[in-house]
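For reference, the structure is listed below as structure tokens.
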Amino acid sequence: MSDSEEYEGSYEYDNSDEGSSLEFSDVDYGDDNSLNELEHEDTHAKVMFSFPTSTTSSGIPTHRMKYQALCIDEIQKCIEQKVKELSDLLQLDIGKCLVLLLTYGWNEHKLLDDYVNCKEQSNLLLEHGIYDKAFPSNLNCLLTKETGEEVICSICCCSPEPSEPMSFFSLFGCRHKFCTDCYSHYIQTKNEGSQVIIDCPFSDPKCTLKVTTLELNVLSDFIEESIKQPKENITQAKLISEDEIKQLYNLSSDEEQFDSNGNVINQFDDDKEENEREVTSINDIVYDFHKAMLKREREELDSKRNRTILSKYWYNVSNQYCMTQVKRFKHCPYPDCESVVEFLGFDSDNIASIEEQISLLLIPLVRCGRKHQFCFACMEVSHAPCPCKVVEKWKQKCEDDSETLNWIQSNTKDCPKCHSIIEKNGGCNHMSCTACNYQFCWLCLGDWSSHTNNYRCDQYKGNDSLDGDSVRASLERYMFYFDHFNNQRISHDKDREILEKFESRIRELQIKAGVSWIETVFYKECVTALLECRQILKWSYAFLFYVPKCRGKQLVEAAQWQLSDKVERLSKLFADTPASEVLACKKSFLYIKSSMIVAQEKFLETCIDIFADPTTMISFKRRLNIT
Amino acid sequence: MSRAKRIAKELEDVKKDRLSGVTLEMAEDGDLSHLKGTFVGPPGTPYEGGLFEVDIKIPEEYPFKPPIMKFDTRIFHPNISSQTGAICLDILKDAWTPILTLKSSLISLQSLLQSPEPTDPQDAQVAKLYLTDPKKFSETAANWTKIYAPNDNYKPTGKTDYTDFTKLAESQQLVQGDVDECEKYGINKNTVRIFEDMGFPKDKIIFALRKLNLKSVRVDDDATQQKVLDEILS
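From first to last, the protein sequence lines are chains A and B. If you read the first sequence in full-length UniProt numbering, its first letter stands for residue 1, the second for the next number, and so on. If you read the second sequence in full-length UniProt numbering, its first letter stands for residue 1, the second for the next number, and so on.
This is how it looks when you write it as structure tokens:
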């Protein structure tokens with residue numbers, strides 16, 4: 001029971017995420033808040049599993065992997081905590097500890113070793129670009145106002161005007177002052193290059209002092225103070241983006257509402273007018289709107305990231321942290337998704353590594369914070385029930401065989417007697433096999449001697465006489481599975497295309513009907529479930545292609561048929577329900593969906609159960625050339 | 001506009017300073033984003049007596065992004081392409097900081113001529129000659145200087161002598177020979193670092209890797225790493 005709740009949990013998590021997407025401007029990046037949020041996050045962290053249950057219903061262990069779906073901000077919290085611990089231990093400022101960890105490539109042990117064993121700790125710190133004094137309580141001393149004309153910023157070559165003092169910035173303990181504009185521009189350039197270890201710009205001789213988060217904080221605050229205007233603009237843009245939704249749907253604009261926000265509105269109005277000119281059908285508007293939504297979401301996220309140089313810096317640090325621990329953290333491979341999945345071990349003591357899990361033909365399937373499912377081992381989009389090895393082999397086979405196959409299919413036939421593949425090299429239908437010298441008719445594949453003078457090729461009995469060893473038979477077998485695989489792929493893509501359009505349509509209806517968006521969540525859930533089951537069905541054909549004949553195979557096929565039936569029923573319901581009636585049909589959607597999920601779980605279980613028989617496992621592995 | 005101001009100031013500074021032997025001018029009048037710089041070949045090298053012209057393109061983000069420099073004058077040097085004039089110098093790439101100037105970059109180029117970095121070559125063939133036959137390299141470089149970089153203002157102070165330069169090349173040859181074990185066996189430096197971070201000496205690591213016939217080990221490949229550890233400890 002608890003396991004199914006886990007699944008539900010991951011859905012809930014996503015919903016809350018979506019709901020909060022309009023609250024970005026409230027997020028604070030100050031160091032003070034981070035601690036409170038940390039505690040808050042810890043209670044939120046949810047351990048998830050790569051399989052719903054620890055054993056199948058017939059008792060076969062699934063050796064599931066434990067993981068946690070995180071977003072970049074959570075990674076940041078995790079780093080902040082790590083740094084905080086180190087800072088308590090070494091009695092050093094947080095910013096300095098972060099720089100130390102970065103220069104040591106997150107190797108805490110080596111860092112502590114060096115720190116404890118070195119004779120002069122201040123030398124070690126200096127070596128890593130850290131000034132060995134605690135930060136003064138008044139951090140504003142890093143910012144100075146300069147007046148005299150003899151002061152010059154050696155980056156932009158500007159000096160303060162006599163009437164107007166210029167602000168200069170320097171790292172703590174550093175003699176090199178540059179104007180705040182140049183300094184922040186310098187850090188921005190480094191940020192864009194995703195550089196996390198940033199030196200003081202001075203180079204003659206090289207100044208090795210590193211920029212720390214505390215200094216970035218001071219600089220960020222200063223910049224934000226001096227340009228308050230853009231910050232207001234962000235909230236304005238948000239207001240309008242919400243109202244713009246309504247505008248688009250009602251296709252009537254009440255501009256009076258926005259009189260106070262002159263510039264921004266005009267810009268949006270222009271956009272809208274353009275859309276109206278180009279777009280003809282309501283469907284296209286909706287689809288464009290869907291795309292625009294995604295784009296806007298992306299842009300909002302970016303603008304939140306780039307809001308201050310400090311937040312961008314933290315973003316880079318978090319990414320770098322994940323990159324240096326490729327075994328533990330993996331980025332979701334879906335386009336435009338920034339979620340991260342953290343590996344937390346296994347809930348079974350029998351295996352210790354992902355490699356071991358894969359060798360048992362199990363799949364470490366994970367779901368990122370935005371619900372995207374992918375394989376933690378090969379980073380492919382979910383390919384259950386196929387083990388990674390099958391995916392690899394299958395893809396290779398598809399690539400290798402498709403062209404040969406086409407040619408063989410269209411240009412050759414098998415000798416009816418010895419099953420050699422024969423290419424017709426002349427116009428005459430009287431064939432003689434070069435291998436076994438059998439004489440036969442190209443059209444009916446019958447014995448040539450039974451042909452009388454006139455051609456009457458009505459003796460065709462089908463090719464059921466072919467036995468399993470012939471090349472064509474194996475090709476045909478492959479063709480069968482490939483066809484079904486491909487069909488499911490096409491269905492999957494088509495379903496996705498249509499349903500994504502539909503989804504925005506449903507939102508439109510929800511707004512018109514005046515019900516809460518929660519009422520429409522079921523629709524999205526059904527779409528996701530359907531697409532996932534199609535994905536499973538697709539890969540099931542590749543899986544069955546490699547599964548040897550055995551009793552288990554029949555069970556898998558039966559379960560596959562069950563699942564396929566449910567999938568088609570749900571797909572039909574989607575196709576038959578007009579958008580206006582979707583909300584009314586909620587119950588039937590949910591009913592079919594839940595029976596489909598049951599079938600899906602059953603199917604995946606049988607796919608694992610099949611390997612409980614060691615002989616099946618061995619011959620399956622042999623087919624894949626693995627030991 | 002700080003960029004224009006800064007470039008203008010740099011041009012002025014170079015004009016004032018006649019001692020450095022560096023010049024800097026606009027390629028076309030009024031265009032601050034395309035400049036031409038020159039400097040004289042450093043004495044005691046095969047480049048002595050030459051005048052080298054460098055094409056300088058200034059990006060929009062200057063001085064936060066480095067200027068894009070390439071030699072207009074053909075030159076025979078391990079870190080400069082003998083065909084295109086492209087330059088391999090750290091300060092023109094990652095090591096650039098906004099405090100550096102066009103003048104200091106040109107002076108860095110000058111000192112690059114004085115002390116080539118054959119381990120990080122731009123022109124592999126030239127670098128190979130530099131390491132294998134320094135004498136011949138120096139002769140060729142001097143010839144190229146005479147042909148492609150004639151300097152009318154150059155007054156020789158005596159016979160050009162670049163034996164020191166050739167000696168430097170010979171010493172680099174030696175250093176190369178015994179220091180870079182990794183390169184010698186084609187072993188990935190980062191791989192060695194993984195084990196160095198664990199506290200093992202470099203020679204032992206390389207020995208173990210060679211014994212196992214491994215050139216590199218992926219950071220996340222625990223199984224192989226364990227094998228290497230076993231080998232090191234055995």
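Each residue gets a CB set at the ideal place from its N, CA and C atoms; glycine is no exception. Computed from a predicted model, the values in this text were never measured in an experiment.
Proximity of chain B to Y334 (chain A) at the Cβ level (cut-off 7 Å) is not reached, the minimal Cβ distance being about 21 Å. K389 (chain A) and S359 (chain A) have their C-alpha atoms spaced approximately 9 Å apart. For Q373 (chain A), the three-state secondary structure derived from DSSP is strand. Between P46 (chain B) and Y154 (chain B), the CB-CB gap reaches or exceeds 8 Å. Using beta-carbon distances, C118 (chain A) does not count as an interface residue toward chain B, since no partner is under 8 Å. Within chain B, P63, P98 and I99 have C-beta atoms less than 7 Å from the C-beta of I155 (chain A), given in sequence order.
In this structure, A:L624 is the residue among A:V116, A:F178 and A:L624 with its C-alpha nearest to the C-alpha of C386 (chain A). Bounds of the beta strand (DSSP E) holding T144 (chain A) are L143 to E146. Note: G37 (chain B) is bridge-paired with B:L24 and B:V54 in the DSSP secondary-structure output. With a threshold of 8 Å between beta carbons, K9 (chain B) makes contact with chain A. In the pairwise beta carbon analysis, the stretch 35-42 of chain B is classified as touching the stretch 51-68 of chain B: at least three pairs are separated by under 8 Å.
Those residues of the stretch 199-220 of chain B placed with their C-beta closer than 9 Å to a C-beta in chain A are G199, R218, V219 and D220, ordered along the chain.
Per DSSP, I536 (chain A) is one residue of the alpha helix (DSSP H) stretching across V521 to Y546.
DSSP, reduced to helix, strand and coil, places C179 (chain A) within a strand of the structure shown. Note that the C-beta distance between V22 (chain B) and L113 (chain B) is not below 8 Å. Under DSSP, the beta-bridge partners assigned to A69 (chain A) are A:V341. Contact of K312 (chain A) with chain B is not assigned, every C-beta pair being separated by 8 Å or more. Membership of R367 (chain A) in the beta strand (DSSP E) is indicated by the continuous run L365 to R367.
Distance from L563 (chain A) to L537 (chain A) at the Cβ level is roughly 6 Å; contact confirmed, criterion being Cβ atoms closer than 8 Å. Within the stretch 307-339 of chain A, the complete alpha helix (DSSP H) segments of 4 residues or longer fall at 309-324, listed in chain order. Not one beta carbon of chain B lies nearer than 8 Å to the beta carbon of E164 (chain A).
Under the Cβ distance rule, C182 (chain A) counts among the residues neighbouring chain B, one pair being separated by less than 8 Å. Contact with chain B is absent for V151 (chain A), since none of that chain's Cβ atoms lies less than 8 Å from the residue's Cβ.
Counting C-beta atoms within 10 angstroms of its own C-beta, R477 (chain A) has fewer than 16 neighbours from the protein chains shown and is therefore classed as exposed. Fewer than three pairs of CB atoms, one per stretch, sit closer than 8 Å, so the stretch 84-95 of chain B makes no contact with the stretch 129-140 of chain B. Counting only the Cα atoms, G345 (chain A) lies some 35 Å from I518 (chain A). Assignment of F135 (chain A) by DSSP, reduced to helix, strand and coil, places it in the coil class. Cβ-Cβ distances below 6 Å link K393 (chain A) to L624 in the same chain, with the five nearest sequence neighbours on each side left out; the list follows chain order. Judged by DSSP secondary structure, K586 (chain A) falls within the alpha helix (DSSP H) whose first and last residues are K586 to D609. The C-beta of F172 (chain A) has 16 or more other C-beta atoms within 10 Å across all chains shown, which makes the residue buried. Using beta-carbon distances, A4 (chain B) does not count as an interface residue toward chain A, since no partner is under 8 Å. The stretch 310-319 of chain A makes contact with the stretch 177-195 of chain A, as at least three CB pairs between them are under 8 Å. For I506 (chain A), the CB contacts under 7 Å within the same chain, skipping 5 residues up- and downstream, are T520, Y523, A579 and V582 in chain order. The residue among A:K424, A:K586, A:R64 and A:C436 with its C-alpha nearest the C-alpha of N350 (chain A) is A:R64. For C388 (chain A), the nearest beta carbon of chain B is not closer than 8 Å to its own beta carbon.
Contact of A141 (chain B) with chain A is not assigned, every C-beta pair being separated by 8 Å or more.
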